[in-house]
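Novice: Dropping a structure here in structure tokens format, bear with me for questions.
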Amino acid sequence: MSATAGQADGVTSMVDRLGIEPSSIVMEIGYDEDVDEELRDAVIDRCGEIVDEDTDEVVDIVLLWWREEDGDLVETLMDARSPLADTGTIWLLTPKPGRDGHTEPSEISEAVLTVGFQQTSSINAARDWSGARLVTPKAGRGKK
Numbered sequence: 598m599s600a601t602a603g604q605a606d607g608v609t610s611m612v613d614r615l616g617i618e619p620s621s622i623v624m625e626i627g628y629d630e631d632v633d634e635e636l637r638d639a640v641i642d643r644c645g646e647i648v649d650e651d652t653d654e655v656v657d658i659v660l661l662w663w664r665e666e667d668g669d670l671v672e673t674l675m676d677a678r679s680p681l682a683d684t685g686t687i688w689l690l691t692p693k694p695g696r697d698g699h700t701e702p703s704e705i706s707e708a709v710l711t712v713g714f715q716q717t718s719s720i721n722a723a724r725d726w727s728g729a730r731l732v733t734p735k736a737g738r739g740k741k
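This is the structure in structure tokens:
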């Protein structure tokens, strides 16, 4: 089913829930063999491509695949913030509870606050992945 057909039936696709438009520039961090390929394919179908973390472009959305063993979440969020447009969104994608690499919500909350982001929602992003929508608070935008 196409995204358009789903929308006509009142069903919102995951790509719609992620806020990805055909004109969106989407960057991905943390790609590995365990990511949800169906979700990635849907993102690529919508916007044409996913740029990697070495891009010089300003990006609208960052898909950050994060696992407990990936290192320092604060540092990674700072890296993800650098190319992000003032009104951009980071989707922090973490393995669900009981899956390898699951990160405790308290660790995520602490890192988000430390970096100066605000978590606005959580979603069931894929079979094995949860997503947290992170944005710069409105008062902090436009200071780049």
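For the sequence shown, our numbering begins at 598 and goes up steadily by one. Every residue gets a Cβ at the ideal spot worked out from N, C-alpha and C, and that includes glycine.
How would you write the range of the beta strand (DSSP E) that Asp631 sits in, first residue to last?
Specialist: Looking at the DSSP string, Asp631 is not in any beta strand (DSSP E), and its letter there is neither H nor E.
Novice: How is Asp651 classed by DSSP in three states: helix, strand or coil?
Specialist: Note: Asp651 maps to coil in three-state DSSP.
Novice: Report the CB separation of Met611 from Val656 in whole angstroms; it is logged as a contact under 8 angstroms.
Specialist: At roughly 19 angstroms, the Cβ-Cβ gap does not stay under 8 angstroms, so Met611 and Val656 are not in contact.
Novice: DSSP state of Ser703, grouped into three classes?
Specialist: Note: Ser703 maps to helix in three-state DSSP.
Novice: Go ahead and label Thr691 buried or exposed: buried means 16 or more other beta carbons lie within 10 angstroms of its beta carbon, across all protein chains shown.
Specialist: So Thr691 counts as buried.
Novice: Give the range of the alpha helix (DSSP H) segment to which Thr673 is assigned.
Specialist: Start and end: Leu670 to Arg678.
Novice: Could you tell me whether the region 623-639 touches the region 665-685, using the rule of 3 or more Cβ pairs below 8 angstroms?
Specialist: These segments touch.
Novice: Taking C-alpha atoms, which residue in Leu681, Thr717, Thr711 and Leu670 lies nearest to His699?
Specialist: Taking only the C-alpha atoms, the option nearest His699 is Leu670.
Novice: State the Cα-Cα distance for the pair Asp697 and Asp633, rounded to the nearest angstrom.
Specialist: The alpha-carbon atoms of Asp697 and Asp633 are separated by roughly 14 angstroms.
Novice: When the Cα atoms are used, what is the spatial distance from Met598 to Arg724?
Specialist: With a pLDDT of 36 at Met598, under the threshold of 50, the modelled position of that residue is not reliable, and no figure is offered here.
Novice: Cα-Cα, which of Asp649, Lys693 and Glu707 is closest to Ile720?
Specialist: With distances taken between Cα atoms, Ile720 lies closest to Lys693.
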